[in-house]
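Note that this note's numbering has the sequence shown beginning at 51, numbered continuously upward.
Below: one structure, written as structure tokens.
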Amino acid sequence: MWDWRRSWRERSKLERIDLYSRVTISATPWVFTLSWGIVPFGADLRRTPLPTALGATFLLLSLVQCLLSNRNVRPSYLCYLGTASFPLRRQSAPLALMLLNLGILATLVGLDAIGTGGLVLTVMNVPMPFVITQVLLVPVRTFLLQSLALALLNVGVFAAVGVRGGTLAGMAPATLFGALLVLICVRPSVWSMSVMWQAEEARDLQARLAVAEERLRFGRDMHDVLGRNLAVIALKSELAVELAQRGKPAAVDQMVEVMRIARSSQQEVRDVVRGYREADLVTELAGAQGVLRAAGIECEVAGGAGAELPAPVRSALGWVVREAATNVLRHGDPRHCTIRLRTASDAAVLEVENDGAPPSAGTAGGPTDGAGGSGLAGLRERLRELDGSLDAGPAGSGVFRLTARIPLPSRTAAPASPTALSSPTVPTVPAVPTSSAPAAPSPPSALSAPTDSPASPALPPSRDPGAGMGMGMGVGMGVGMSAAPDLAKERR
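In structure tokens:
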């Protein structure tokens, strides 16, 4: 936050505002000193050795006051924000210099070595370096009382050296005017910065809470999916072990149920993870537009939201929009961003174009892919799964363009079978041999196969991609209700 060596482009917008405010506060005493503070020392100062020496000393002490004021800007700023304490001894030297300068100025007036034409402005300027930091250290009421005391001090000192008339009458209002000017300029500026930093911290905290909440939700979903089925698997496995130890072929039926539940659990986990990782194009477009506009970047979305596109294409393009918007915010200094979505009969094309890109831009508004992380590499992998492509590079003076192209399937082509996502075929489990007398013939196992033909899978892959949850609920409830009576009966 306080690193002055960082370049302007590397700072966030809030850091730029903060730097601008602190530089303005630091420059204020110099402006007052180099303008109003030297007014009487032009043609009004008498050119004799003593007045000249006193005038030079006055100007030198005024510059030292400005340096000490700049030195105290940061500690007083932190003290106002409540993040650090300000040692009161740091104000001792500025206070002593202010009083010493008032004494030198009064001496010059008493020696009749300086005119009174610009004396009021000089008297108003003398306490400026001190009050610029003092206004951040004390409450407003205390500051006003201190300003009033300073104004009375000025009037008393210069009345003692013979100043009369309108010049003396204008010293108190001028001193109070200077103090009020500092009060209404410096303190609200620092207060605004404190509010903005608090809002920034609140946004960071909100983002961290959102991540934590999403982790809890994902863990809850995984527990709901696996907890019940794993309990049933354990129960059925225990029953199968006892049946196998007794040499009963019913153990094979129990293991068939275990494999069926395990397969349904696997499909349910895939559904949970797939839903967790998918990005919706409509949501990402609205989110990118809102985030960029909140950051002061004009964002235009053209070409619709692609509601007619297939779900895998919308998900992939949603990831492209998310990554591109993130890079626009992180890199460069953009002012305008345009997101275009064009849909043709053979392909969907998404373009993200922004200005303000640095000269060595290679990602959306940022550095080359090799130096900017794995953002574009991950997008290319996602698009490659759909036979798509991703191009990113400069498109003119300070303009960067990212283009994602995904071919669309033919309207007349049959949809691809979802069996490619199913689990591999489970091998046939042989029947458990009995060690006692031949038992009564049992119904053929779901996994058994004729001896004159090769073994075939008894549990073909599910043809319904959404069957995971239904199968998990049906199998889990049915098996859970039937497993306990079977186990009790076998134990008897």
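By construction, the Cβ of each residue, glycine as well, lies at the ideal position given by its N, Cα and C atoms.
Quick check on residue i: does DSSP put it in helix, strand or coil?
i      : result
Ala210 : helix
Leu452 : strand
Asp441 : strand
Arg96  : coil
Pro457 : strand
Asp303 : helix
Pro137 : coil
Pro177 : coil
Leu436 : coil
Gly337 : helix
Val323 : helix
Thr172 : helix
Val308 : helix
Thr183 : helix
Gly446 : coil
Thr192 : helix
Gly382 : coil
Glu60  : coil
Gly167 : coil
Gly524 : Bear in mind that the predicted position of Gly524 carries a pLDDT of just 40, short of 50, making it unreliable; the figure below should be weighed with that in mind. Gly524 falls in the helix class under three-state DSSP.
Ala407 : coil
Can you tell me where the beta strand (DSSP E) with residue i in it begins and where it stops?
i      : result
Asp254 : Run containing Asp254: none in the beta strand (DSSP E); it sits in the alpha helix (DSSP H), 215-295.
Glu403 : 397-404
Leu391 : 386-393
Taking C-beta to C-beta, are residue i and residue j nearer than 8 angstroms?
i      : j      : result
Arg390 : Gly353 : yes
Leu187 : Cys129 : yes
Leu331 : Val306 : no
Leu131 : Ser244 : yes
Leu436 : Val363 : yes
Ala442 : Leu426 : yes
Gly368 : Glu334 : yes
Pro79  : Ile182 : yes
Leu200 : Pro223 : no
Val211 : Val159 : yes
Pro144 : Pro179 : yes
Ser242 : Val275 : no
Met246 : Ile75  : no
Ala290 : Val308 : yes
Leu171 : Trp86  : yes
Val449 : Asp405 : yes
Phe108 : Asn175 : no
Leu110 : Ile164 : no
Taking the straight line between their C-alpha atoms, what separation do you get for residue i and residue j?
i      : j      : result
Asp383 : Ser62  : 9 angstroms
Leu226 : Thr157 : 23 angstroms
Ala260 : Ala249 : 16 angstroms
Val236 : Met148 : 19 angstroms
Ala336 : Arg278 : 38 angstroms
Thr166 : Thr217 : 7 angstroms
Ser112 : Glu60  : 35 angstroms
Ile347 : Cys387 : 7 angstroms
Arg97  : Ala106 : 12 angstroms
Glu251 : Arg191 : 30 angstroms
Leu458 : Arg310 : 36 angstroms
Ala366 : Leu433 : 7 angstroms
Ala209 : Leu203 : 10 angstroms
Ser197 : Val81  : 20 angstroms
Pro504 : His273 : Below a pLDDT of 50, predicted positions are generally treated as unreliable, and Pro504, at 37, falls in that range; the measurement from the model is reported next regardless. If I take the Cα positions, the gap works out to 39 angstroms.
Ala294 : Ala284 : 15 angstroms
Ala344 : Leu379 : 11 angstroms
Gly206 : Val240 : 33 angstroms
Glu431 : Ala312 : 30 angstroms
Thr13  : Gly215 : Because the chain is modelled from 51 through 542, residue 13 falls outside the range shown and cannot be assessed.
Tyr70  : Arg121 : 16 angstroms
Val231 : Leu169 : It is worth fixing the name first, because residue 231 is Leu in this sequence and not Val. C-alpha separation (whole angstroms): 19 angstroms.
Arg587 : Gly446 : Residue coverage of the chain in this structure runs from 51 to 542, which leaves residue 587 outside it and unanswerable.
Glu65  : Arg385 : 17 angstroms
Arg253 : Ala397 : 39 angstroms
Leu440 : Arg265 : 31 angstroms
Ala38  : Glu288 : Any property of residue 38 remains undetermined from this structure, which presents the chain solely from 51 to 542.
Leu194 : Ala229 : 8 angstroms
What residue range does the alpha helix (DSSP H) around residue i cover?
i      : result
Arg124 : 99-131
Lys63  : 63-85
Val159 : 142-160
Quick check on residue i - is its C-beta less than 8 angstroms from some C-beta in chain D?
i      : result
Gly354 : No chain D appears in the structure shown, which is made up of a single protein chain.
Fill in: Contiguous beta strand (DSSP E) assignments of at least 3 residues, all confined to the stretch 339-379
Those beta strand (DSSP E) runs which fall completely within the stretch 339-379 and span 3+ residues are 348-352.
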